[in-house]
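Following our numbering, the numbering of the sequence shown begins with 57 at its first residue and continues without gaps. Each remark here refers to the structure printed beneath this line.
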Amino acid sequence: ELKQELKQHLERSGLRVIDVGTHSKDACDYPDLAAAVAKAVALGQAGWGVVVDGAGIGSCMAANKVPGVLAATCHDVRTAKNSREHNGANVLCLGSGTLDLPAALQVLDAWLDTPFGGGRHGRRVDKIKALERSFCK
């Protein structure tokens, strides 16, 4: 399973992993898991998060409902780097049906290795956060 392989890769890299589930191969409701990851990031229990579902899209939509979360579905190294450098993404959403293991590892590593660029990108992210605040009243 892709999630387990990514988890082991992170642990081998010396990173601490908080696994919020799922812990079985049974079907689950991805919004619940995405919300758990997003909540951990938003509350500062984790600096960033990774969610895996079939396409990475539904989990991304759910995670982005949590204030303070900037989730991105990434399908390649370019989108992974862009989501971090330009958008300050703090949750990575991956699709087990769209990425094989080697590609997912490349995306994950590129995402983790890319810092936020700041500058004009910071101004734009600030606008995203202001938009979020305007709807969270």
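C-beta: ideal position from N, C-alpha, C; glycine also.
{"Query": "Residue burial classification, Cys84 (beta-carbon count within 10 angstroms, cutoff 16)", "Result": "exposed"}
{"Query": "Bounding residues of the alpha helix (DSSP H) (the contiguous stretch that carries Leu66)", "Result": "58–68"}
{"Query": "Residue span of the alpha helix (DSSP H) that contains Val181, given as start and end", "Result": "176–191"}
{"Query": "Cβ pair Val122, Gly105 closer than 8 Å", "Result": "no"}
{"Query": "Endpoints, beta strand (DSSP E) assigned at Asp109", "Result": "105–109"}
{"Query": "Ala118: first and last residue of the uninterrupted beta strand (DSSP E) it sits in", "Result": "Ala118 -> not in any beta strand (DSSP E); alpha helix (DSSP H) instead, spanning 113–119."}
{"Query": "Span separating the alpha-carbon of Ile184 from that of Glu141", "Result": "15 Å"}
{"Query": "Residues near Phe172 by beta carbon distance below 7 Å, same chain, minus five either side", "Result": "Arg140, Glu141, Gly144"}
{"Query": "Beta-carbon contacts of Gly124 that lie in its chain and below 6 Å, excluding the five residues immediately before and after", "Result": "Ala98"}
{"Query": "Leu58 beta carbon less than 8 Å from that of Leu148", "Result": "no"}
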